[in-house]
Each structure stands twice: as C-alpha cells, then as structure tokens.
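Novice:
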Amino acid sequence: MKKLITFLILTYLSFTINSSAANQEKKLENKNILKIGVLLPLSGEFKDTGESFLKAIQLALYDISDENIKIYPQDSKGNAFDAYQSAKKFEEEGIEIVIGPIFYDSLERLGEINNITFISLTNKTNKIPKNTVAFGINIDSQINVLKKYFDEIKVNKTLFLSPNSEFNEQSKSIKQKDILKFYRTYSYDTNPRKITGEIEKITKYRERKKDLERRIKILEKSDLYKHKQELKKLEQMHTLGEVNFDSVFVLDFGERLKSVLTSFMFSDVSNKKVNFFTINQWFDETFFDENATQNLHFPSIDFDNSKKFNKKFSNIFNEEPNKVSILAYDALGLIYYCWLNNNFQFKVDQLYNKKGFKGLHGEFIIVGNQSLQKLKIYKISKKKFIKVY
Numbered sequence: 000m001k002k003l004i005t006f007l008i009l010t011y012l013s014f015t016i017n018s019s020a021a022n023q024e025k026k027l028e029n030k031n032i033l034k035i036g037v038l039l040p041l042s043g044e045f046k047d048t049g050e051s052f053l054k055a056i057q058l059a060l061y062d063i064s065d066e067n068i069k070i071y072p073q074d075s076k077g078n079a080f081d082a083y084q085s086a087k088k089f090e091e092e093g094i095e096i097v098i099g100p101i102f103y104d105s106l107e108r109l110g111e112i113n114n115i116t117f118i119s120l121t122n123k124t125n126k127i128p129k130n131t132v133a134f135g136i137n138i139d140s141q142i143n144v145l146k147k148y149f150d151e152i153k154v155n156k157t158l159f160l161s162p163n164s165e166f167n168e169q170s171k172s173i174k175q176k177d178i179l180k181f182y183r184t185y186s187y188d189t190n191p192r193k194i195t196g197e198i199e200k201i202t203k204y205r206e207r208k209k210d211l212e213r214r215i216k217i218l219e220k221s222d223l224y225k226h227k228q229e230l231k232k233l234e235q236m237h238t239l240g241e242v243n244f245d246s247v248f249v250l251d252f253g254e255r256l257k258s259v260l261t262s263f264m265f266s267d268v269s270n271k272k273v274n275f276f277t278i279n280q281w282f283d284e285t286f287f288d289e290n291a292t293q294n295l296h297f298p299s300i301d302f303d304n305s306k307k308f309n310k311k312f313s314n315i316f317n318e319e320p321n322k323v324s325i326l327a328y329d330a331l332g333l334i335y336y337c338w339l340n341n342n343f344q345f346k347v348d349q350l351y352n353k354k355g356f357k358g359l360h361g362e363f364i365i366v367g368n369q370s371l372q373k374l375k376i377y378k379i380s381k382k383k384f385i386k387v388y
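In numbering that gives the first Met the number 0, the protein residues as written are 0 to 388.
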C-alpha cells in the first residue's frame, strides 16, 4: 500500500513539474513572439489597395525569414468605424503594435484605443492621435529637401500655386511656415477649362502678346536690315519679354498637375528657362508623354530601391504593387529591428531613436507623431527620372 501511495505521489509530482516546465516554456515562447496587427481595407471600395499593402508586408516577412514574427490582419474597410472595431480586437488579443490604417479618415477614433501604437501609412500629419505615427511621405519632408535644393541652385523668385481643393491644409501649412520664401502665391480653380485663363493672368500672357504685336507693327514699317532680321525672329514667337519669376512650385497631383503645366506652356513660359517643381508624384511614368512636364522637379523616395521593390513584388505576386506599399514593407522592417535590438521585446520608445533608421524608401527619423524622411530630388528628362539632389 505504501509503495502504491509513494508511486502516486511521485507520478503527481512528475506531472506537476513537467506541466510547470511546459507552461514556463510556452510563456517563454510567447515572450519571444513578435505579434504585429495589420489594419487595412480588405473589403469594399479600397480592397485592392489593402491587399497590395498586405502583400508588401508578406514580402517583408519572406525577406526577414523569422518564424517568431506573427501578423494578425484585420479589415478596416477604409472607414473610421470599422477601423475602430478592428482595433478593439487587437486590444483584446494583447497586440501592442499595428501597421495601418492607410487613410487619414480612418484614424478618427483610434486615440480611444489603449496600449497600442499605430504605424499609419497616411502622409497627413494634422491632428494625428497621440498613439499614432504618420509614416507617409509628408509635406514637411518634401519642403525641407526642396529648401536645400532651392538654396543650391539659387532660385529666389518662386511662384506658389495651389488648387482650391483637398490640398488646402497642406497649402495653409506651407504658407504659414514660409520655409521656401515664395515671391508670390496664387490659388486656382480645379476646373480644367478655367485653369488656362488663370495661368494667363498670372504670367501676364496677354500683355506680353500685345507687346509682341506692337513691336512687330513698328518693325514692319522699317526698311533697315537689322529690323527685318529682328522681324523674322519675332514672327516665330508668341510673346515678347521675360516673365518676372524664375521658378514655380505647384502643389498638385496627376492629371490636374498636367493641366496646370500645359497652361504655362500655352502661356509661353518655357520650362527650359523657368524651373518647375511639384510634390512627390511616386514616379508616375505617364508624365513622360507630356512636353509640358519635361524638366519638372519633385522630391521622392529612393528611386533605385523603389524599382527593386517593384520588381521583386511583381516576380512573386505576378502583379504590380501599389507604389505606396513600399512603406508597409519598411514599417514591418522598422518594428522587427526595434524588437530584435531590445532582447525580443517591442517598446514604443525605440521608435524615437535619435540616429534614425534606413529603409527601402530611404533614411528617416520619427519625431513626435510623424516620420521625417531624407528625400531626394528628381527631374523628368527624356522619359527618365534623373536624380539631381
């Protein structure tokens, strides 16, 4: 009987010790797991965008090849309500770091979520929740590098043009900070039919055209050889006289930007004599087909790395990535780097490393609620993007 009792006690102790050891091992394993939430629009209108970003994150996982990283995707559906509901699920699961959401409007209620930091892919930085980092290519980073380039090429009479549209907040911020020291500022109607007329006024096109007509009439009355030679030259021109500015910065994007630049060309303002600048266009190759966009300058991320990312993404998924999705790739790399260099623990403070970080999109440092990127300047020339700074 005593032997039986002794056996049962030993069996119980052995089971208890082994169970305790197993639990300790499981806790240790969980401690070494990096759990990352992913909050993207995976259904609805922006489903394709969300899926492209998710694939970029999967590509980053593939490149890192660490089985201790686990991602937990949730659907934001591209709106604030569903983003909040999904974020609550992350909160319940004990997830402390989330990549996403993409859109600024989805951030509305995320400040109510406790113990989670969101690496949002938005480029808007106004009124960002305290628990969110805006990781997009923001206007501050773009203006900073443009200022350095302006100083280098010594432009000092820059016109600032912005549309009466969704860029109002950025336009207001640029004017208030006054970093680029604009010569004059203008706003224009977003209706393409009205843009040309407004650009004609800005460039004093009709006055310069009348000056040409007056000069031609005078020369037509002269028999002097030099006047006849001048007349031949003027008859090939559209206006007479130089414009009173040396550069133009247009805060716009895509097709509307093309309309503005074309209007300058129609107003006889040469992009060979006047420097034209705009915001990041994500290397949109449709600009190659427009005469008016030649020599257009813009700040952007590292072009060579962007091409490498696009090629690798296309080879693996057999489709072109959303051009902004490279930021999702870098966001995962950033989180992993912080976790790996802190004994397999992620702490928010690590994001604020004063030395900054380097990703595929380039060098950056997180200050406050935004990422400040060290961008480059490119210009469009002969169907190529040429780095000039």
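Beta carbons: idealized from backbone N, C-alpha and C, even for Gly.
1. For Phe-275, which residues from the same chain have a beta carbon less than 6 Å from its beta carbon, with the 5 sequence-adjacent residues on both sides left out?
2. Out of curiosity, what's the CA-to-CA distance linking Ile-300 and Leu-374?
3. Apart from the five residues on each side of it in sequence, which residues of its chain come closer than 7 Å, Cβ to Cβ, to Ser-258?
4. Which residue wins for smallest C-alpha separation from Ala-59, given the options Phe-308, Ser-370, Ile-365 and Val-347?
5. Nearest to Ile-173 by alpha carbon, out of Asp-303, Phe-159, Leu-256 and Glu-254?
6. Within its chain, find whatever has a CB closer than 8 Å to the CB of Glu-289; leave out the 5 residues flanking it on each side and keep chain order.
7. Check the Cβ-Cβ distances between Glu-151 and every residue of chain D, and say whether any is below 8 Å.
8. Could you have a look at Asp-188 and say whether DSSP puts it in helix, strand or coil?
9. Excluding the 5 residues preceding and the 5 following Ser-105 in the sequence, name in chain order all residues of the same chain whose CB lies nearer than 6 Å to its CB.
10. Tell me whether Gln-141 is buried or exposed, calling it buried when 16 or more other Cβ atoms sit within 10 Å of its Cβ.
11. Can you find at least 3 beta carbon pairs, one from the stretch 146-153 and one from the stretch 122-137, that sit closer than 8 Å?
12. Within 10 angstroms of the Cβ of His-360, are there 16 or more other Cβ atoms? Answer buried if so, exposed if not.
13. Can you tell me whether Asn-49 is buried or exposed, with buried defined as 16 or more other CB within 10 angstroms of its CB?
14. Count the CB pairs spanning the stretch 33-41 and the stretch 321-336 that are closer than 8 Å, and state whether there are at least three.
15. Checking the sheet assignment: what are the DSSP bridge partners for Gly-361?
16. Quick check on Gln-372: does DSSP put it in helix, strand or coil?
17. Could you check the C-alpha separation between Gly-367 and Val-132 for me, to the nearest Å?
18. Could you tell me which whole alpha helix (DSSP H) segments of length 4 or greater appear in the stretch 27-102?
19. Just mark Phe-343 as buried or exposed, buried being the case when its beta carbon has 16 or more other beta carbons within 10 Å.
20. Among the candidates Gln-175, Gln-369, Lys-171 and Tyr-182, whose CA atom is the shortest distance from the CA of Asn-155?
21. With a threshold of 16 other CB atoms inside 10 Å of the CB of Ser-305, please say whether the residue is buried or exposed.
22. Can you tell me whether Ser-51 is buried or exposed, with buried defined as 16 or more other CB within 10 angstroms of its CB?
23. Tell me the DSSP secondary structure of Ser-380 in three-state form.
24. Alpha carbons only, please: which of Pro-40, Leu-53, Asn-67 and Asp-47 is nearest the one belonging to Trp-338?
25. Just how far apart, CA to CA, sit Asn-279 and Lys-171?
26. Terminal residues of the continuous alpha helix (DSSP H) containing Phe-308?
27. Below 7 Å CB to CB, which residues in the same chain sit around Lys-378 once its five sequence neighbours on both sides are set aside?
28. DSSP three-state call for Asn-321: helix, strand or coil?
29. From this set, Gln-169, Pro-162, Leu-145 and Tyr-187, which residue's C-alpha is nearest Lys-180's C-alpha?
30. Nearest CA to the CA of Thr-157: which residue from Gly-253, Ser-119, Glu-284 and Val-242?
31. Using CA atoms only, rank isn't needed, just tell me which of Val-347, Ile-136, Arg-255 and Leu-120 is closest to Pro-40.
32. Assign Asn-269 to one of three DSSP states: helix, strand, or coil.
33. Quick one, which of Lys-381, Lys-271, Glu-95 and Leu-350 has its alpha-carbon nearest Phe-134's?
34. Of all the options Asp-222, Gln-235, Thr-189 and Ile-96, which has the alpha carbon lying nearest to the alpha carbon of Lys-208?
35. Run through DSSP, which three-state label would Asn-290 get?
36. Within a Cβ cutoff of 6 Å, which residues of the same chain sit near Gly-392, ignoring the five residues on either side of it in sequence?
Specialist: Walking through what the data contain:
1. Val-247 and Leu-295
2. 5 Å
3. For Ser-258, the CB contacts under 7 Å within the same chain, skipping 5 residues up- and downstream, are Pro-191 and Ile-194 in chain order.
4. Phe-308
5. Phe-159
6. Lys-257, Leu-260 and Thr-261
7. Protein chain content of the structure displayed is limited to a single chain, and chain D is not contained in it.
8. coil
9. Here the set comprises Ser-75, Ala-79 and Ala-82.
10. buried
11. no
12. buried
13. Looking at the sequence itself, residue 49 is Gly, so the reference to Asn does not match. Gly-49 should be labelled buried.
14. yes
15. Looking at the DSSP output, Gly-361 shares a beta bridge with Gly-358.
16. strand
17. So the alpha carbons of these two residues sit roughly 8 Å apart.
18. 46-63 and 79-91
19. exposed
20. Tyr-182
21. buried
22. buried
23. DSSP, read as helix, strand or coil, puts Ser-380 in strand.
24. Asn-67
25. 18 Å
26. 302-316
27. Asn-294, Leu-295, His-296, Ile-385 and Val-387
28. coil
29. Leu-145
30. Val-242
31. Leu-120
32. In the sequence as displayed, the identity of residue 269 is Ser instead of Asn. In the structure shown, the three-state DSSP call for Ser-269 is coil.
33. Taking only the C-alpha atoms, the option nearest Phe-134 is Leu-350.
34. Gln-235
35. helix
36. Because residue 392 is not part of the residues shown, which for the chain are 0 to 388, the question remains open.
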